[in-house]
Ligand SMILES: [Zn+2]
Ligand SMILES: [Zn+2]
């Protein structure tokens, strides 16, 4: 099986089978990390452009490492600091990248739909590394990979996403992906941060985690942006922390094997307490490792690979 | 200079006239409508067999962009586009650069239109200086110079007290105030209608209430002042209900919608994958709203259909959705969208459709236009209801239309202004 499109713009546009293919394919790549030489020649001669309009050391490093472990050449374009692209339109930038003969463009942008513009403009494979409030598909995939690894399945699990659902591309990608794989998805947050008609995405909305904590298998805690206070979305960080921050008190009724995810970077003491972040239930650091494996799988599959494990390891 | 239009079906809603008839024009005026003998000397004859002959269409809401943004549109290019769309009159909104908020601005529009325009241009003056919503513009002096209405369109008048005074003042001057209903605190940074689609696309939503609150407010102020209020580009179900209710109570309010609000929903933003030609203000709404707009058109709550022609350059629109400006062109697609999506689908009759493009806008603003009564200006549009075309080329300087690629029916073939043929056979013949 192969991926149907040249691009990965969001999990909304992938089928259940395609998502499963990516998760399956990530497994042998993760095994590779235990070797002394963590590199395969799969993408030798290919060029991966990392086009970042928003600073994100984490995601950029993860993608860069994924590309390098597949032996691709990488080019970083940080638009925020680049004078070349200053004031240039996204379409013109895309055309410039096309002229560089890039095979992959990994784009991070503060505006929704930016990855779609690039995908429509050039023939390289586009990977959306987060666009505005829309999607962050590889983060959704790595979250699902981590859940799958720890729980052995996704179907039937009760998964809650906690925080600013409105502005979170991580939440959107998780909702699409988890639903496709058969999880029951809950979103929990202040009513000012729950987007309109989100129930139509097949999620249950809650404002008090204590009411449902006993049945949850996974909680994915989103980072809170402090500047949302200025947009009148919550009164103070202290109040947010008291009502929606996750600490051991809030989890007293939780299942023993509750899995705790956070896309990072964390605001310790605000949306997550240190004791929870560092607890045995937390898989936050493993998410980082899994991110590289999942991104390798995505690059490999978009390059035309069919997920055959022998091919990956022996190539 | 005589002109004889033979064998057409004359549809003149102002005079409740709808039958096969000939039209005789002389010296820029309509002489008679009826059976006219062909044996006249020195007459230009137009055969309108199989076509509909209507009073020249009036666009109550056009952005011509001159002065200030002549790269997007000029009075010349905009009126040419209008003539191709079957319009003989456009009302030019005041939000040019600078804003038309003084006598000199009004004079500039009228003089340029006279020199370079191919159809009638009626200037709309601003309500407030610079359309800043702070101080009233010199509305009385602008009326003296020729404005036919006032509006800060593009922006609302957020201060209710200023809106009250504007309505009181225009009542004295017998002038209509056109309101752009938008609470900008609620709509701030918004990109599309707030709902499932904005959630899924991750675009900032504009709630319907941003419009409805202001429709309700302006109706209340209209009641308070007894002024004459015209609500621009109505787009939601509740707005339609508010206007319907106000009319029942005898409040002096009229309303317009634009073809996109009865033709498209916010789902089209998703279907077209963030195509910025679906970005307009107010935004495309939901199926429920489209249905209510159609009902409002059918029962007469919505009096007029306007283009809200808002040209923007390709490079302005070909950006991230958030960065792209609001607005689409419309002059050349209003008529086929009305015919295709309203008349052919039997939502309203052809007669009602024509009234919303002729006598109703004229009445809303008190213009002596929009009828084919003997002695009136010979502004006439001939429509071929069966002409079908794929939308692709425009006379406008800009191409920001979400309807590109769509197959529509019902186009103007001839446009006549004051007895002069501007468009014939679907082509501009006069410069
Ligand atoms: Zn407006
Ligand atoms: Zn307008």
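Protein chains in written order, with this note's numbering: chain A, 1 to 315; chain B, 316 to 746. Backbone N, C-alpha and C define an ideal beta-carbon position, used for all residues, glycine too. Note that the coordinates shown come from a computational prediction; the quantities given were computed from them, not determined experimentally.
Find the nearest neighbour of residue 702/B within the set 663/B, 694/B, 743/B, 650/B, judged by alpha-carbon distance.
650/B
Residue 636/B: contacting residues in chain A (beta-carbon distance under 8 Å):
111, 112, 113
Measuring CB to CB, does residue 767/B end up less than 8 Å from residue 463/B?
Beyond the ends of chain B as shown, which are 316 and 746, falls residue 767/B; an answer cannot be given.
Among 361/B, 412/B, 377/B, nearest to residue 734/B - alpha-carbon criterion
361/B
Listed in chain order, which residues of the segment 507-528 of chain B have Cβ atoms closer than 9 Å to some Cβ of chain A?
509, 510, 511, 512, 513, 514, 515, 516, 517, 518, 519, 520, 522
Since I believe residue 573/B is in contact with residue 690/B (beta carbons under 8 Å), could you give me their beta-carbon distance rounded to a whole number of angstroms?
Wrong, their Cβ atoms sit about 32 Å apart, outside the cutoff.
Taking only three categories from DSSP, how would you classify residue 419/B?
helix
Residue interval of the alpha helix (DSSP H) (run including residue 667/B)
665-672
For ligand 1, enumerate in chain order all residues having a CB closer than 7 Å to any of its heavy atoms.
468/B, 469/B, 495/B, 547/B, 548/B, 596/B, 623/B
As assigned by DSSP and simplified to three states, the class of residue 26/A:
helix
Quick one: using the 10 Å Cβ neighbour count with 16 as the cut-off for buried, is residue 694/B buried or exposed?
buried
Would the beta-carbon of residue 607/B be found less than 7 Å away from any heavy atom of ligand 2?
no
Give me the Cβ distance between residue 162/A and residue 222/A, rounded to the nearest whole Å; I'm assuming they're in contact under 8 Å.
6 Å
Between the CA atoms of residue 356/B and residue 317/B - distance to the nearest angstrom:
9 Å
From the DSSP output, in three-state form, read off residue 732/B for me.
strand
From the DSSP secondary-structure annotation, give me the bridge partner or partners of residue 609/B.
Bridge partners of residue 609/B: none, in fact.
Taking the CB atoms as reference points, tell me whether residue 403/B and residue 379/B lie closer together than 8 Å.
no
Taking 8 Å as the CB-CB limit, is residue 588/B close to chain A?
yes
Cutoff 8 Å: residue 89/A Cβ touching any chain B Cβ
yes
Of the listed residues 714/B, 598/B, 576/B, 648/B, nearest to residue 726/B (C-alpha basis)
648/B
N- and C-terminal bounds of the alpha helix (DSSP H) containing residue 244/A
237-244
Say whether the segment 415-431 of chain B touches the segment 702-715 of chain B, bearing in mind that this needs 3 or more beta-carbon pairs closer than 8 Å, one atom from each stretch.
no
Quickly, what does DSSP pair residue 220/A with across the bridge? List them, please.
161/A, 261/A
Closest Cβ-Cβ distance between residue 603/B and chain A: below 8 Å?
no
Nearest-angstrom Cβ-Cβ length linking residue 17/A and residue 1/A, presumed shorter than 8 Å:
7 Å
Ligand 2 heavy atoms versus the CB of residue 376/B: any closer than 7 Å?
yes
Taking Cβ to Cβ, would you say residue 296/A is nearer than 8 Å to residue 70/A?
yes
CB contact check: residue 387/B to chain A, cutoff 8 Å:
no
Give me the residue from 568/B, 616/B, 729/B with the minimum Cα distance to residue 314/B.
Nothing can be reported for residue 314/B, as the shown portion of chain B is limited to 316 through 746.
Measuring CB atoms only, is the segment 433-441 of chain B touching the segment 478-487 of chain B, in the sense that at least three cross pairs come out at less than 8 Å?
no
Tell me whether residue 441/B counts as near ligand 4, meaning its Cβ is closer than 7 Å to at least one heavy atom of that ligand.
As far as ligands go, the structure on display features ligand 1 and ligand 2 and does not contain ligand 4.
Label residue 232/A either buried or exposed according to how many other C-beta atoms from any shown protein chain fall within 10 Å of its C-beta, with 16 as the threshold for buried.
exposed
Anything in the segment 613-645 of chain B with a Cβ closer than 8 Å to a Cβ of chain A? List those residues in chain order, please.
630, 633, 634, 635, 636, 637, 638
Tell me whether residue 529/B counts as near ligand 2, meaning its Cβ is closer than 7 Å to at least one heavy atom of that ligand.
no
Below 8 Å between beta carbons is the criterion; list the residues of the segment 198-220 of chain A that meet it against any residue of chain B, in chain order.
198, 200, 201
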